[in-house]
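A.B. asks: There's a structure below that I have some questions on.
Spelled out as structure tokens, the structure:
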């Protein structure tokens, strides 16, 4: 059966950093991503890296996409906030 996590158990944000390894500071930066409630917790996940903050993305932000076909005059809208997993047995 599908396991649906409670919103309270998931981290609040996805944190993005531009990062270089501490022992190779001259290399090109890479993007590191980590889910955490605070920036400090996200930074603690990468102890061997020099990190530069790049973005803080809300983990629970809904995604809505709409399409309209002018020929048939029909529209479709998809909202991730109302999608649920369905499994057939």
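Residue numbers (this note's numbering): 2 to 90.
For every residue, glycine included, the Cβ atom is placed at its ideal position computed from N, Cα and C.
On a predicted model such as this, the values are computed, not experimentally measured, just so you know.
1) So, under 8 Å CB-CB, residue 14 and residue 60 are touching, yes? Tell me the CB distance rounded to an integer number of Å.
2) Run through the stretch 16–76 for me and flag every whole beta strand (DSSP E) of 3 or more residues, listed as ranges in chain order.
3) In whole angstroms, what is the alpha-carbon distance linking residue 51 and residue 41?
4) In whole angstroms, what separates the C-alpha of residue 18 from that of residue 26?
5) Would you report the Cα separation of residue 31 and residue 12, rounded to the nearest angstrom?
6) Taking just the CA atoms, how far does residue 21 sit from residue 55?
C.D. replies: Taking the coordinates as given:
1) Counting from one through the chain shown, the residue named residue 14 turns up at place 13. Counting from one through the chain shown, the residue named residue 60 turns up at place 59. Contact flag correct, Cβ pair sits at about 6 Å.
2) Qualifying beta strand (DSSP E) stretches, in chain order: 31–37, 50–59, 65–70.
3) In the chain shown, counting from the first residue as 1, residue 51 sits at position 50. In the chain shown, counting from the first residue as 1, residue 41 sits at position 40. In this structure, the alpha-carbon of residue 51 lies about 13 Å from that of residue 41.
4) One-based indexing of the chain shown puts residue 18 at position 17. One-based indexing of the chain shown puts residue 26 at position 25. Cα to Cα, the separation comes out at about 15 Å.
5) The residue given as residue 31 occupies position 30 in the chain shown. The residue given as residue 12 occupies position 11 in the chain shown. Cα-Cα distance, rounded: 23 Å.
6) Within the chain shown, numbered from 1, the residue matching residue 55 stands at position 54. Within the chain shown, numbered from 1, the residue matching residue 21 stands at position 20. Between residue 55 and residue 21, the C-alpha separation is close to 13 Å.
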